[in-house]
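Participant:
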Amino acid sequence: MSLHTEIFNDLLKLAVESGASDVVVKSNKPGYVRLSGRLKPVDMDPIAGTEAQAFVDDHVPRIFKQQWETLGQIDFAYTAENIGRFRVNAFHQRGTVSVVFR
């Protein structure tokens, strides 16, 4: 498993265990989880923009890659083994990649 996938899976596992409804990742910031309607930062190192970009590049389905590259926005599903299945929205914001999991 690649480092970026491991980072994201660890964050998703924490979110599921804590009962979070959403996970928000902004490049060069720590992850955030939505608990009781409020975004709360996770005590972790910031996720590098290259890691966020690599995660999306590796996990967006092949049939949607052109849309991702052209529009800079994509919706897809991601399954983290033994953690769960998530709806994902990835987008470019201010020159960096952001990813939201639900």
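Using my numbering, you'd call the opening residue of the sequence shown number 1 and step up by one each time.
Glycine is no exception: its CB is placed at the ideal position from the N, C-alpha and C atoms.
1) Near Gln67, which residues of its chain fall below 7 Å by C-beta distance, leaving aside the five closest residues on each side in sequence?
2) Are Phe101 and Asp22 closer than 8 Å when you measure CB to CB?
3) Are the beta-carbon atoms belonging to Phe76 and Val60 less than 8 Å from one another?
4) Taking all protein chains shown into account, decide if Glu69 is buried (16 or more other Cβ within 10 angstroms of its Cβ) or exposed.
5) Does any heavy atom of the ligand PLP sit closer than 7 Å to the C-beta of Lys40?
Facilitator: Looking at the coordinates:
1) For the purposes of this step, residue 67 is taken as residue 67 along the sequence shown, with counting starting at 1. Excluding sequence neighbours, Gln67 sits near Ile74.
2) Translated into positions along the sequence shown, residue 101 becomes position 101. Translated into positions along the sequence shown, residue 22 becomes position 22. Their beta carbons are under 8 Å apart, which means Phe101 touches Asp22 by this criterion.
3) Here residue 76 refers to the residue found at position 76 of the sequence shown. Here residue 60 refers to the residue found at position 60 of the sequence shown. Yes, the Cβ-Cβ distance between Phe76 and Val60 is below 8 Å.
4) Numbered from its first residue, the sequence shown carries residue 69 at position 69. The residue in question, Glu69, is exposed, as its Cβ has fewer than 16 Cβ neighbours within 10 Å.
5) Inclusion of the ligand PLP in the displayed structure is not the case, the ligand content being empty and no account of it being possible.
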